Each structure stands twice: as structure tokens, then as C-alpha cells.
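Q:
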Amino acid sequence: MGNEAQPQDATASVDFQEVQQTERFKTLRKRHRSFVFPMAVVFLLWYFAYVLLADYAVGFMSIKVWGNINVGLILGLLQFVTTFGITAWYVSYSNRKLDPIAAEIRNEIEGHEFDKDGNVISGAAK
Amino acid sequence: MNTMVPAAVNVEALKDTTLLNMGIFALFVAVTMVIVFRASRNNKTAADYYAAGRSFTGSQNGTAIAGDYLSAASFLGITGAIAINGYDGFLYSIGFLVAWLVALLLVAELLRNTGKFTMADVLSFRLRQRPVRIAAALSTLAVCFFYLLAQMAGAGSLISLLLGISDWGGQALVIIVVGALMIMYVLIGGMKGTTWVQIIKAILLIAGAGVMTAMVLAIYGFNLSSLLGSAAEAANNPAILNPGLQYGKTETSKLDFMSLGLALVLGTAALPHVLMRFYTVPTAKEARKSVVWAIWLIGLFYLFTLVLGYGAAALVGAETIKSAPGGVNSAAPLLAFHLGGPLLLGFISAVAFATILAVVAGLTITAAASFAHDIYANVIAKDKADATTEVKVARRTVLVIGVLAILGGIFANGQNVAFLVALAFAVAASANLPTIVYSLFWRKFTTQGAVWSMYGGLAAAILLITFSPVVSGATTSMIPGANFALFPLSNPGIVSIPLAFFLGWLGTVLDKRREDPAKQAEMEVRSLTGVVAEKAVDH
Numbered sequence: 001m002g003n004e005a006q007p008q009d010a011t012a013s014v015d016f017q018e019v020q021q022t023e024r025f026k027t028l029r030k031r032h033r034s035f036v037f038p039m040a041v042v043f044l045l046w047y048f049a050y051v052l053l054a055d056y057a058v059g060f061m062s063i064k065v066w067g068n069i070n071v072g073l074i075l076g077l078l079q080f081v082t083t084f085g086i087t088a089w090y091v092s093y094s095n096r097k098l099d100p101i102a103a104e105i106r107n108e109i110e111g112h113e114f115d116k117d118g119n120v121i122s123g124a125a126k
Numbered sequence: 127m128n129t130m131v132p133a134a135v136n137v138e139a140l141k142d143t144t145l146l147n148m149g150i151f152a153l154f155v156a157v158t159m160v161i162v163f164r165a166s167r168n169n170k171t172a173a174d175y176y177a178a179g180r181s182f183t184g185s186q187n188g189t190a191i192a193g194d195y196l197s198a199a200s201f202l203g204i205t206g207a208i209a210i211n212g213y214d215g216f217l218y219s220i221g222f223l224v225a226w227l228v229a230l231l232l233v234a235e236l237l238r239n240t241g242k243f244t245m246a247d248v249l250s251f252r253l254r255q256r257p258v259r260i261a262a263a264l265s266t267l268a269v270c271f272f273y274l275l276a277q278m279a280g281a282g283s284l285i286s287l288l289l290g291i292s293d294w295g296g297q298a299l300v301i302i303v304v305g306a307l308m309i310m311y312v313l314i315g316g317m318k319g320t321t322w323v324q325i326i327k328a329i330l331l332i333a334g335a336g337v338m339t340a341m342v343l344a345i346y347g348f349n350l351s352s353l354l355g356s357a358a359e360a361a362n363n364p365a366i367l368n369p370g371l372q373y374g375k376t377e378t379s380k381l382d383f384m385s386l387g388l389a390l391v392l393g394t395a396a397l398p399h400v401l402m403r404f405y406t407v408p409t410a411k412e413a414r415k416s417v418v419w420a421i422w423l424i425g426l427f428y429l430f431t432l433v434l435g436y437g438a439a440a441l442v443g444a445e446t447i448k449s450a451p452g453g454v455n456s457a458a459p460l461l462a463f464h465l466g467g468p469l470l471l472g473f474i475s476a477v478a479f480a481t482i483l484a485v486v487a488g489l490t491i492t493a494a495a496s497f498a499h500d501i502y503a504n505v506i507a508k509d510k511a512d513a514t515t516e517v518k519v520a521r522r523t524v525l526v527i528g529v530l531a532i533l534g535g536i537f538a539n540g541q542n543v544a545f546l547v548a549l550a551f552a553v554a555a556s557a558n559l560p561t562i563v564y565s566l567f568w569r570k571f572t573t574q575g576a577v578w579s580m581y582g583g584l585a586a587a588i589l590l591i592t593f594s595p596v597v598s599g600a601t602t603s604m605i606p607g608a609n610f611a612l613f614p615l616s617n618p619g620i621v622s623i624p625l626a627f628f629l630g631w632l633g634t635v636l637d638k639r640r641e642d643p644a645k646q647a648e649m650e651v652r653s654l655t656g657v658v659a660e661k662a663v664d665h
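Chains A and B, in that order, give the protein sequences. Read left to right, the first sequence gives residues 1 to 126 (the numbering used here). Read left to right, the second sequence gives residues 127 to 665 (the numbering used here).
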């Protein structure tokens with residue numbers, strides 16, 4: 001299929017520095033970073049807050065809330081909930097804000113079109 | 127095994143089911159072998175061998191990631207840890223899950239868009255190839271080696287538990303069989319075969335754990351609170367529901383858990399065998415779907431282990447678990463026997479074997495790809511090797527690694543090497559993650575920064591472990607007789623990870639050479655847009 005060497009050849013003529021300076025690419029980068037960086041900080045802080053509580057606030061974590069279910073178990077299960085929640089949020093954000101603009105830039109560079117899943121639908125595929 | 131066994135019925139019964147266990151395991155091997163042979167028909171190019179022709183879908187790859195990630199240590203170890211130490215075992219599993227957000231948000235898609243086969247592809251993309259590639263390959267090989275050794279050594283103790291083979295020779299024979307099977311899968315099937323083994327194993331493992339979870343919950347009328355109450359009562363210790371039993375003993379052990387938590391959360395997204403899985407899908411969007419699937423499956427699985435761990439504490443009892451052959455690791459098999467008799471035990475035992483097989487296969491192909499693609503093709507042959515030679519070298523490397531893994535497994539059998547998994551995470555988080563993050567997000571990052579960070583992180587993690595209580599100075603150490611434990615913590619992460627980030631920054635600001643801005647632009651544009659990323663190969 002020769003798909004090993006092709007990518008380099010296909011883009012040898014592309015000036016990536018020029019693309020990097022376009023408003024569209026800057027918007028894409030800004031949208032990506034303004035989501036993933038704060039989100040990474042938030043979930044890491046929340047995880048380490050939880051670990052610190054489990055390490056140093058055993059009394060608080062042991063308070064029973066309902067039957068034998070204590071604060072520690074609820075906070076632990078909340079870690080699962082937030083992990084699933086952030087995952088779902090990121091997927092929806094990417095679908096709405098990142099994928100369309102990334103596809104536009106790709107179309108321009110490669111000279112053919114993609115559907116929303118990133119598959120080539122027209123132009124010189126391969 | 128001359129300790130008193132209170133619930134002798136259970137433990138003896140384990141041995142009676144040996145034939146059944148072996149039968150179910152043989153069935154798994156037979157089915158997967160057929161699939162591997164079928165899948166291997168199309169293995170022609172390097173992309174086929176290393177990246178399964180980029181032909182898997184996001185959901186298939188996500189399932190395979192779960193199969194790659196959920197090792198026997200997660201299944202048997204975490205269930206056992208919850209059964210014995212209660213809440214702290216659960217605490218441990220949360221780090222393993224939350225870590226996937228790093229992979230989802232910062233690594234998976236960008237990596238898929240910029241690399242081809244290995245982690246080093248991405249790290250050396252815009253820096254000087256040779257030094258960065260060699261460093262990345264060495265750290266890949268180190269992580270794979272530590273992880274592999276832990277898995278193979280664990281195979282020995284698992285065998286003594288599940289098959290009732292307690293003599294050294296018999297265990298060695300089974301380690302050889304496991305190693306030989308793994309070599310066949312990887313040699314014949316390449317990444318495609320390995321992926322299918324991982325997919326099948328993940329489905330069996332999660333389904334098995336799910337059935338057991340439903341059975342435990344049914345006993346307690348689907349009331350978690352009464353399960354917890356019963357576990358606390360059986361343990362005769364209400365503290366089993368609170369944090370602190372394992373990690374809260376001393377100030378050092380508390381700090382140690384912080385260090386472990388840091389290594390787990392930052393190491394996962396930098397494990398080379400996990401990263402390599404992202405190349406088996408055609409697009410970044412499928413890489414994203416892979417992580418989403420993996421997060422759901424892994425999260426679900428750890429929720430199951432919570433119920434299974436407390437279920438084992440309540441229904442089997444900590445004393446029985448501790449005195450059974452295999453100790454803590456026997457909690458899940460004993461619970462399976464309690465719930466479903468020999469058949470469920472046989473199934474769970476076979477799944478545990480399949481787990482070792484799938485994980486070692488994934489590690490082996492990663493190490494072989496890194497050696498052949500990074501060290502052989504790019505450094506030794508200086509990019510003059512064709513893809514056919516490269517794959518040939520990769521296959522030979524698989525043989526060498528397989529033999530090393532078997533020998534390592536036989537000689538490490540019975541040694542206390544459980545710390546090696548934590549070490550693998552610490553090395554990944556220290557040696558790999560800073561450079562991954564810097565090269566994806568920091569424009570000014572240079573070769574010197576990458577090299578300092580990778581070697582500094584790798585050396586710091588290994589040195590600190592060597593001079594820690596896991597190697598010497600404590601009764602549970604690998605070398606209990608000696609004492610050169612100068613570093614008090616069992617996990618080096620809390621020191622080595624910040625150090626590696628610092629070295630990456632320092633190496634960069636002190637570097638007089640600047641990297642090519644055109645390469646930086648190309649990497650940034652490609653990582654975010656997926657321009658020219660390889661697509662699936664049609665056959």
C-alpha cells in the first residue's frame with residue numbers, strides 16, 4: 001500500500017509554520033488548551049484532595065452517612081462519577097468545538113474532504 | 127504450606143478443581159490461537175505487525191486497552207487488598223482509574239496524530255532523533271522489563287494457588303508453558319493477535335467479575351450497606367470500612383501513599399504498552415473513543431472489585447484468605463468457589479491465567495517494537511533498514527524477550543517482586559511523562575531538556591527504589607538480610623517525578639542549541655488536526 005512513506009511525501013510542500021499562524025489554527029489550539037489544561041488541574045487537585053483526606057482525615061472519612069456507608073466511600077464513588085463525567089464532557093466538547101475546525105484545516109492542507117469521523121469522503125484519498 | 131488451614135474444605139477444594147481449571151484454560155488457548163492464526167494472515171507490513179494495520183475500531187481498541195491494563199495484580203491483588211485491608215484497597219484502585227483522564231485529555235489523540243509505532247516516534251518528532259530516540263527506547267525497555275518480570279513472577283504464585291502445584295519444578299514448567307504460549311501469540315499474531323487475546327480476555331474478566339458481583343449483591347438483597355456491615359462483622363473490625371488500615375500506620379506510610387498516588391495517576395498515560403495501543407486505530411477520533419471505552423470498562427471493573435473485596439471479607443473471611451496458598455491473592459478465587467463451586471472457580475482461574483498471558487503479550491510486542499523500530503532501524507541501521515528487515519528483527523526480539531521473561535519468571539518465582547509494578551509506573555511517570563507533555567505543549571522544549579529529563583527521571587526512580595525498604599532493611603524486603611535503605615519511601619514518585627519535570631525545564635533553558643521551529647510547527651499542527659496521520663490499511 002506504500003502507506004509507510006506516503007505521509008511525508010504528501011505534505012512535503014505544506015508550510016506548517018504558515019498554518020500555525022492562521023487564525024483558524026490559533027482558535028483550535030486555544031479551544032483545545034483552554035479546555036484540557038484547567039480540566040487536568042481540576043481533576044488532579046480533586047484526586048489529591050481525596051488522597052490527602054484519606055491519609056490525614058480518617059475521622060472525617062469514617063463518619064457514617066447512611067447505614068454503613070461513610071463519607072470516605074461516598075467521596076471515593078464520587079471520584080468515579082467525576083471521572084465518567086469529565087470523560088463525557090470532553091467528548092461532547094470535542095465533537096462540537098474541536099473536530100469541525102480540525103477537519104476544516106485538514107481539508108485545506110490535504111485537499112480533500114472528510115466526514116465528521118475523519119474518514120475521507122472525496123478527493124485524492126491515499 | 128504447613129500453616130493451619132481453618133476452612134480446609136475450601137482450600138482442598140481448590141486443588142480438586144485443577145483438571146477443570148486446566149481444561150477451561152486450554153479452551154481459552156485453543157479459541158484464541160485459532161483467532162490469532164486467522165488474524166495473522168494479513169500481517170505483511172510493519173504497520174500490520176506493530177499497529178495491526180490501524181484497523182481496529184475505537185471500541186475494540188478500548189476493550190483491548192482494558193485487557194492490557196487490568197493485570198492479574200489488579201484483579202486478584204485489589205480484591206484481596208480490599209478483603210484484608212478494606213477501604214485502602216479501594217483507595218488504591220481509584221488512582222488507576224482517575225489516571226485515564228491524563229491519557230484522555232493530554233496524550234491519546236495528540237500522540238495518535240504524530241507518531242507511527244512507538245512512544246519514541248512522538249518524543250523524537252521535533253528534537254534530534256538519535257539521543258532522544260535512544261533515551262525513549264531505553265525507558266520503554268526498562269518499564270516493560272520491570273512490568274514483565276512482575277507478571278511472570280506472579281504467575282508462579284498464581285499457579286501454586288490455582289492448580290495446586292506447589293513444587294518449584296512444576297511451577298517452572300507452567301511458567302515455561304505460559305511464556306511459550308505468549309511467544310507464539312506475539313510471533314504469529316503480531317499486534318493483531320495480541321489485541322484479540324486482550325479483547326477476549328477483557329470480556330471474560332469483566333463478565334466473570336460482573337457475574338460474581340451480582341451474586342454477592344443478591345446475597346445481601348442488593349444493599350451495599352448490609353454487605354459492608356457483614357464484612358465489618360466478619361472481620362471483627364469496623365475500621366475495615368475506613369481509610370488507614372494499610373497506608374495510615376505511620377507518617378512514612380501516609381507519605382508513601384501520596385507518592386504511590388502520584389506515580390499511578392501520572393504514570394498510566396506514559397506506559398509504553400498503553401501508548402502503543404493508540405496506533406492500532408485509524409484516526410485520533412477513534413483513539414479518543416478507545417480511551418472513553420477503556421475508562422468505562424476499567425471504572426466498572428473497579429466498582430466490581432469493591433463489591434468482590436468486601437464480599438470476600440464477609441463470605442470467606444480474612445483468616446481463611448491469609449492462610450490459603452497464595453495469601454491475599456486467593457481472595458477472588460476463594461470467593462468464586464464459595465459462590466459458584468468448582469465451575470465458577472475454574473472459570474475465574476482460567477481468566478486469571480488468560481490475564482497474565484494477555485498482559486505479557488502486550489508488554490513483549492511493545493518492547494520488541496521499540497527495540498526493532500527505535501534502536502535497530504533508526505540507530506543501528508541509521509534508517510537504511512527496510513520494513514521487512516525491521517519486522518524480522520522485531521520477531522527475533524520477541525523470542526529473546528520471551529526467553530528472558532521465562533528465565534526471569536522462574537528465578538524471581540517466590541521472590542517478593544510485587545513492587546516492580548509500582549516501579550514501572552514510577553519510571554513511566556518520571557522518565558516519560560514530562561517529555562511527552564513538554565514536547566506536545568512547550569514550544570521552546572529542546573533535545574537537552576528531553577535527554578536530561580528522561581535519564582534523570584529513569585535514574586532517580588531506579589536508584590531511589592534500590593535504596594528503599596522494598597529492596598533491603600525490612601522483613602518484607604527483597605533482600606531482608608541486608609540494610610542499605612537510605613530512602614524511607616517504597617515509591618520514588620514524589621521525588622523522581624518533580625525532579626524529572628525540573629530537569630526537563632533546566633536542560634531546556636540551559637541549552638544553547640535551538641530546535642527547528644518548522645518541525646515544532648509541523649508537530650503542533652499535526653497533533654491537533656490529524657493532518658497526514660496514517661489511515662487504516664485496506665486488505
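From the three backbone atoms N, C-alpha and C, an ideal C-beta is built for every residue, glycine too. Just so we're clear, the structure is a prediction, and the values are computed from it rather than from any experiment.
In this structure, how does DSSP classify V658 (chain B) when only helix, strand and coil are distinguished?
A: Coil at V658 (chain B), not helix or strand.
Q: Under the rule that 16 or more other beta-carbon atoms within 10 Å means buried, what is Q21 (chain A), buried or exposed?
A: By the neighbour-count rule (16 or more Cβ atoms within 10 Å), Q21 (chain A) is not buried but exposed.
Q: Please identify the residue among B:A165, B:N368, B:L353 whose C-alpha is closest to the C-alpha of L434 (chain B).
A: Ranking B:A165, B:N368, B:L353 by Cα distance to L434 (chain B) puts B:L353 first.
Q: Just to confirm the assignment, what range does the alpha helix (DSSP H) spanning W422 (chain B) have?
A: Counting along the chain, the alpha helix (DSSP H) containing W422 (chain B) begins and ends at 410-441.
Q: Give the straight-line distance between the Cα atoms of V477 (chain B) and P618 (chain B), rounded to the nearest whole angstrom.
A: Roughly 32 Å between the two C-alpha positions.
Q: How about P398 (chain B) and S283 (chain B): do their beta carbons lie closer than 8 Å?
A: Cβ distance not < 8 Å, so P398 (chain B) and S283 (chain B) don't count as in contact.
Q: For the stretch 614-630 of chain B and the stretch 379-388 of chain B, state whether three or more C-beta atom pairs, one from each stretch, are separated by less than 8 Å.
A: Yes: the two stretches touch, three or more of their Cβ pairs being nearer than 8 Å.
Q: For the candidate residues B:V400, B:V162, B:G374, B:T634, whose alpha-carbon lies nearest to that of S565 (chain B)?
A: It is B:T634 whose Cα lies nearest to the Cα of S565 (chain B).
Q: Look at the Cβ atom of G656 (chain B), then the Cβ atom of A410 (chain B), and state whether they are nearer than 8 Å.
A: Going by C-beta atoms, G656 (chain B) is nearer than 8 Å to A410 (chain B).
Q: Measure the Cβ-Cβ separation of G221 (chain B) and I204 (chain B) and say whether it is below 8 Å.
A: Cβ atoms of G221 (chain B) and I204 (chain B): not closer than 8 Å.
Q: Apply the 10 Å Cβ neighbour rule to I506 (chain B) and answer buried if 16 or more other Cβ atoms are within range, or exposed otherwise.
A: Per the 10 Å Cβ criterion, exposed.
Q: Return the CA-CA distance between G437 (chain B) and S92 (chain A), expressed in angstroms with no decimal places.
A: So the two alpha carbons sit approximately 37 Å from each other.
Q: Residues in the same chain with beta-carbon distance under 6 Å from Q277 (chain B), minus the five sequence neighbours each way, listed in chain order, please.
A: For Q277 (chain B), where only same-chain residues beyond five positions count, the Cβ hits under 6 Å are I482, V485, V486.
Q: Would G316 (chain B) count as contacting chain A if we go by Cβ distances under 8 Å?
A: It does not; no Cβ of chain A falls within 8 Å.
Q: CA-CA distance, N3 (chain A) and K170 (chain B)?
A: With a pLDDT of 39 at N3 (chain A), under the threshold of 50, the predicted position of this residue should be treated as unreliable, and no value is reported.
Q: Does R414 (chain B) have its Cβ less than 8 Å from a Cβ in chain A?
A: With 8 Å as the cut-off, R414 (chain B) counts as an interface residue toward chain A.
Q: Are the beta-carbon atoms of I447 (chain B) and G212 (chain B) separated by less than 8 Å?
A: No.
Q: State yes or no: is the beta carbon of L45 (chain A) nearer than 8 Å to at least one beta carbon in chain B?
A: Answer no: the Cβ-Cβ gap between L45 (chain A) and chain B never drops below 8 Å.
Q: Could you run through the stretch 82-96 of chain A and flag, in chain order, every residue whose CB is less than 7 Å away from some CB of chain B?
A: Within the stretch 82-96 of chain A, the qualifying residues are T83, F84, I86, T87, Y90, V91, S94.
Q: Is it a yes or a no for the stretch 527-535 of chain B touching the stretch 302-313 of chain B, going by three-plus beta-carbon pairs under 8 Å?
A: These segments touch.
Q: List, from N- to C-terminal side, the beta strand (DSSP E) runs of 3 residues or more that fit wholly inside the stretch 63-100 of chain A.
A: Within the stretch 63-100 of chain A, the complete beta strand (DSSP E) runs of at least 3 residues are 64-66.
Q: What's the call for W322 (chain B), buried or exposed, on a 16-neighbour Cβ count within 10 Å?
A: By the 10 Å Cβ count, W322 (chain B) comes out buried.
Q: Taking the beta carbon of V597 (chain B) as the centre, do at least 16 other beta carbons fall within 10 Å, making it buried, or is it exposed?
A: V597 (chain B) comes out buried.
Q: Decide if I63 (chain A) is buried, meaning its Cβ has at least 16 other Cβ atoms within 10 Å, or exposed.
A: So I63 (chain A) counts as exposed.
Q: Taking the alpha carbon of L636 (chain B) as the point to measure from, which residue in B:T601, B:K645, B:V577, B:G452 has its own alpha carbon closest?
A: Ranking the options by Cα distance to L636 (chain B), first place goes to B:V577.
Q: Starting from G633 (chain B), follow the alpha helix (DSSP H) in both directions and report where the run begins and ends.
A: Element bounds for G633 (chain B): 619-636.
Q: Taking Cβ positions, are V524 (chain B) and A503 (chain B) nearer each other than 8 Å?
A: No; because the gap between Cβ atoms is not below 8 Å, this pair is not in contact.
Q: Am I right that S250 (chain B) and R259 (chain B) are in contact with their C-beta atoms under 8 Å? What's the rounded C-beta distance?
A: Confirmed, Cβ separation roughly 5 Å.
Q: Output, in chain order, the set of chain A residues within a Cβ distance shorter than 8 Å of G425 (chain B).
A: Per Cβ cutoff of 8 Å: F80, T83, F84.
Q: Could you spell out the range, first to last residue, of the alpha helix (DSSP H) harbouring V519 (chain B)?
A: Where V519 (chain B) is concerned, the enclosing alpha helix (DSSP H) stretches over 513-538.
Q: What's the gap between the Cα of V418 (chain B) and the Cα of A555 (chain B)?
A: Their Cα atoms are separated by approximately 21 Å.
Q: Run through DSSP, which three-state label would I605 (chain B) get?
A: In this structure, I605 (chain B) counts as strand in the three-state DSSP scheme.
Q: According to DSSP, which residues form a beta bridge with S598 (chain B)?
A: Answer is B:I605.
Q: Does DSSP put V300 (chain B) in a helix, a strand or coil?
A: Three-state result, V300 (chain B): helix.
Q: Is the number of C-beta pairs between the stretch 574-590 of chain B and the stretch 625-633 of chain B that are closer than 8 Å three or more?
A: Flag = yes, the stretch 574-590 of chain B and the stretch 625-633 of chain B touch.
Q: Does S351 (chain B) come within less than 8 Å of chain A when only Cβ atoms are used?
A: Chain A contact via Cβ: present.
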